[in-house]
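Residue numbers (our numbering): 1259 to 1399.
In this text, a Cβ means the ideal position worked out from N, Cα and C, and glycines have one as well.
To keep things clear, I will list the structure first and then write my remarks on it.
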Amino acid sequence: MKKDLSSMLVQGGRFSRVEELKDYLVEYVLELVLIELENLPKDQWEKTLKTWEKIVLLSYGMMNKPLEEREKLYERWRFDAVMKTIVENLAEVLRESLRLGLLKEKQEPRKLLQIALQHALNKGHPQKEMLLEVKKLMGLD
């Protein structure tokens, strides 16, 4: 006897709503950036933010590559487990952002950081002053 299990298939991706995805961007991506910035002198923040933009761009380039190819690249670049996890999670978030329409196909991937920043400010993030400084450094003020 066969059972129809099609109703159990996940439709779409990991996130069902844009708001849910934005919350994840703040809780995961932006919090990682803020943790790093908290441990640096302010004169290094701009450089660090540029590095995060490059990480997002790298993740965008990796998001449609097969897993085997990504693994080879991680090995060649000597990524540790933390860096691999960050890139993999960002690639998934970028795919979901495109699927849900949060990002458009031709938009720069770095827009993801801007969206996270603005969403955190809109939600009354407890580190508002720090976020405003980051916004200024990113040229978004």
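(request) Enumerate in chain order the residues of its own chain whose CB-to-CB distance from leucine 1379 is below 7 Å, with the five nearest sequence positions on each side excluded. (result) Lys1386 and Leu1389
(message) Three Cβ pairs or more, each shorter than 8 Å: is that satisfied between the segment 1337-1346 and the segment 1357-1371?
(response) no
(request) Starting from glutamine 1372, trace the alpha helix (DSSP H) both ways and give me its first and last residue. (result) 1369-1380
(message) With the cut-off set at 8 Å, would you say leucine 1279 and leucine 1375 are in Cβ contact?
(response) no
(request) Identify, in the order they occur along the chain, each residue of the same chain with its Cβ nearer than 7 Å to the Cβ of valine 1291, setting aside the five sequence neighbours on each side. (result) Trp1310
(request) With a threshold of 16 other CB atoms inside 10 Å of the CB of glutamate 1354, please say whether the residue is buried or exposed. (result) buried
(request) Compute the Euclidean distance between the alpha carbons of arginine 1272 and isoleucine 1373, then round it to the nearest angstrom. (result) 18 Å
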